[in-house]
Structures are given as C-alpha cells and as structure tokens.
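The block underneath contains the structure these notes are about, expressed in structure tokens.
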C-alpha cells in the first residue's frame, strides 16, 4: 500500500467504487491537507459578529457577561473594604478616639489607606479585563485564520 498523494481523497464509507469523484451527499470526505477544505464557516468568528448571527450574539453575550462579573467582583470588594472601616469605627469607639500627631486615625485611614487598595483593585481589574479580551479575540479571530499570518 502506498502513501496517499496530497490531492487524493478516500471514498466515503459505503461508496463501492473508489475514484467516482465526490462522495454521495451526506457522506464524509477525507482530506489530507488542511488547505484543501475551508472550515472557517464552521467556527464562530468575526463574520458572525459582523453579520449579527446567533453564534456571534452568543459569543458577545458571554464576553459581556464575563466583563460584568469581573466588574461586580471588583466593585463588591472595593465597597466592602471602604464600608468596613467606618463600621469598625462606629462599633469600637476606641478606634475613633485614636490620634496620630493630633489628627484622628479615622481621617488618616480614610484619606490615605484606601488609595493603595483602590489602586490594587484597579490593577487587578485592568489585568483580568485584558486577559478576557485577549481570550475573546483569540476565540473569534485566531492567528491561524488571519490573512496576514
């Protein structure tokens, strides 16, 4: 038995005479090289987003949902951290009476301590939003399907 030539196709299951050309409708064709058949129509991509197909809407909806989940998680964390200190100061009056260099500790914490937390939340959000966008882009338009690749 010899190795198949690049342009050869094997008969589909059920074809009795090899070399009849295209297999019967509904039959499979064996492809030896990836450039013989375009499968781009089977993979959701940019055209689905551009043409507003159901696959494109599903892709976009899942991307927006992931971004919303990330936003709500970061917002919840930031609000929890922000609301926790005034609650602690209200529940424990000794914290409200502490002073540093004549300035109440509550003002120092509210004025300076939350900014590093907000910067960390912003950095976390930015990093993960970029990762979500990169995953979405690679799903919709992988490098192997780009014309310049």
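Numbering (the numbering used here), first residue to last: 90 to 238.
Here a beta-carbon is modelled for each residue, glycine too, at the ideal position from N, C-alpha and C.
- The beta carbons of residue 156 and residue 221 sit about 6 Å from each other, so the pair counts as a contact at 8 Å.
- In this structure, residue 172 lies away from residue 210, with their beta-carbon atoms at least 8 Å apart.
- Residue 229 is bridged by DSSP to nothing; it lacks a bridge partner.
- In the DSSP assignment, residue 201 falls outside any alpha helix (DSSP H) and carries neither an H nor an E.
- Distance from the CA of residue 176 to the CA of residue 216, rounded to the nearest whole angstrom, comes to 31 Å.
- Spatial neighbours of residue 152 in its own chain (CB-CB distance under 6 Å, excluding positions within 5 residues in sequence) are listed in chain order as 225.
- Within 10 angstroms of the beta-carbon of residue 189 lie fewer than 16 other beta-carbons, which makes it exposed.
- Residues 206 of the same chain have their beta carbon placed closer than 6 Å to that of residue 170, with the five preceding and five following residues left out of the count.
- Residue 186 and residue 198 have their C-alpha atoms roughly 13 Å apart.
- DSSP places residue 197 in the uninterrupted alpha helix (DSSP H) bounded by 194 to 197.
- Secondary structure of residue 142 (DSSP, three-state): coil.
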